[in-house]
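Residue numbers (the numbering used here): 1 to 84.
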């Protein structure tokens with residue numbers, strides 16, 4: 001497979017970059033970086049070399065686990081930290 005084919009997403013990937021994961025969650029890349037460093041949320045990631053990747057399935061689980069219908073305001077759901 002040539003480099004141009006990889007760049008054009010010729011195959012689906014379940015691993016998202018930090019930027020893609022941030023867009024998917026509606027957050028900034030910096031927020032995800034802070035969460036990783038401070039371990040504020042239990043959001044799994046995959047480290048490949050120096051790159052951090054996120055599984056879409058893990059992001060979906062994170063959304064489901066942290067969504068609360070009692071916190072709905074203007075149609076938005078807010079994420080709450082898990083206190084274990």
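From the three backbone atoms N, C-alpha and C, an ideal C-beta is built for every residue, glycine too.
For clarity, every value in this text was computed on a predicted model and none was experimentally measured.
State the DSSP-derived secondary structure class of residue i, mapped to helix, strand or coil.
| i | result |
| --- | --- |
| residue 54 | strand |
| residue 43 | coil |
| residue 64 | helix |
Between residue i and the rest of its own chain, which residues show a CB-CB distance below 6 Å, the 5 nearest in sequence each way excluded?
| i | result |
| --- | --- |
| residue 52 | 18, 45 |
| residue 62 | 43 |
Based on the DSSP output, what are the partners of residue i in its beta bridges?
| i | result |
| --- | --- |
| residue 48 | 51 |
For residue i, I'd like the list of residues in its chain whose CB is within less than 8 Å of its CB, leaving aside the five on either flank, ordered along the chain.
| i | result |
| --- | --- |
| residue 28 | 22 |
| residue 16 | 24, 53, 54, 55, 56, 59 |
| residue 47 | 53 |
Any alpha helix (DSSP H) of 4 or more consecutive residues that is wholly inside the stretch 11-41
18-25, 29-38
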